[in-house]
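Below is one structure, written out as structure tokens; comments come after it.
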Amino acid sequence: MSDRGQSSVVGVALLLGATVVALGVLTASVGALVDGHAARADADRVAADMEDALRPVETTGHRTGEVRFTEGSLHTEARDLHVIKDGTLERTVPVGALVFERGDRRVRSVAGAVVRGRDDNAWTVDQPPIVGSEATEVLVVGAARLNASDGGVGGRQVSAELATNVSHERITLGRGTYRVAIETTVPAAIERALKEQGASSVYRSDIDGDGLSSVVAEFPGVRRGYLVVHDMRLEVKDG
């Protein structure tokens with residue numbers, strides 16, 4: 401075979417090789433794009449489902465909701481809410497958190513708030529149930545306590561049932577200056593939410609020394625404080 405013929409064969413082989421590589425890169429890129437859209441759709445759906453299924457303030461007694469996703473996991477984690485009066489830790493409520501994960505997508509319900517996203521790119525879908533007025537000198541701290549049984553679900557094409565049996569306890573805390581601390585791994589979102597609910601300042605601190613920081617919100621003025629614990633007795637199971 402002539403040198404020209406050999407060069408032609410080599411050229412065709414190189415062209416075919418480059419085409420195969422390009423097709424592989426294109427397929428991987430399309431696959432990643434499709435997976436990213438699916439993960440985002442799952443997170444959107446889970447956030448809406450959580451908000452609908454977990455209604456600690458409005459619900460009394462039994463309630464059942466459904467959370468659906470095509471891939472991922474749904475589980476509980478330990479979290480606390482602290483109420484600080486006149487500089488002293490007054491009450492701690494183990495509120496817990498319900499967390500959905502799929503790749504780098506996250507949705508969580510903590511202390512009554514539903515939060516989308518991760519780190520500083522997170523935002524609240526539903527605000528924590530903390531209300532008050534400096535004018536009326538009142539602060540009502542709602543603490544949505546999951547009180548969840550052990551368990552979680554995960555895999556593909558999951559339909560999870562969230563069953564709650566909600567009761568409420570109102571605790572009078574008396575007059576004083578108040579700070580509220582919520583343990584969370586998405587502090588930026590919780591900080592913004594608490595500022596919108598009247599906190600004069602927010603900062604981060606490990607209140608109980610367990611290695612997990614809390615967002616600490618200080619509410620201005622002397623107020624009559626009330627803590628309302630919404631005990632949900634949550635069960636997470638395969639639907």
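Numbering of the sequence shown is given in the numbering used here, commencing with residue 401 and proceeding in unit increments. Cβ coordinates follow ideal geometry from the N, Cα and C atoms, glycine included. Note that this is a predicted model, so its numbers are computed, not measured.
Given MET640 as reference, the closest of ARG575, VAL507, GLN527, VAL558 once Cα atoms are compared: This structure does not reach residue 640, given that the chain is present from 401 up to 639, and the question cannot be answered.
Sub-8 Å separation of ALA656 and ALA522 beta-carbons: Here the chain comprises residues numbered 401 to 639, so residue 656 is not present and cannot be evaluated.
In DSSP terms, what VAL483 is bridged to: For VAL483, the pairing in a beta bridge is given by DSSP as ARG491, VAL580.
Reduced DSSP category for LEU562 - H, G, I as helix; E, B as strand; rest coil: strand
Cα-Cα separation, THR464 to GLY621: 40 Å
Pairwise C-alpha distance: VAL525 and ARG518: Spanning the two alpha carbons is a distance of roughly 13 Å.
Minimum C-alpha distance to GLY552 - residue among HIS568, ASP504, VAL467, GLY487: VAL467
Whole-Å CB distance - ARG479 paired with THR584, under 8 Å assumed: 7 Å
Cα-Cα separation, ASP442 to THR470: It is roughly 7 Å from the alpha-carbon of ASP442 to the alpha-carbon of THR470.
Beta-carbon contacts of THR492 that lie in its chain and below 6 Å, excluding the five residues immediately before and after: Its chain contains ASP480, HIS482 as the residues whose beta carbon lies nearer than 6 Å to that of THR492, once the 5 sequence neighbours on both sides are disregarded; these appear in chain order.
Residue interval of the beta strand (DSSP E) (run including ILE590): From DSSP, ILE590 is part of no beta strand (DSSP E) but of the alpha helix (DSSP H) over 587 to 596.
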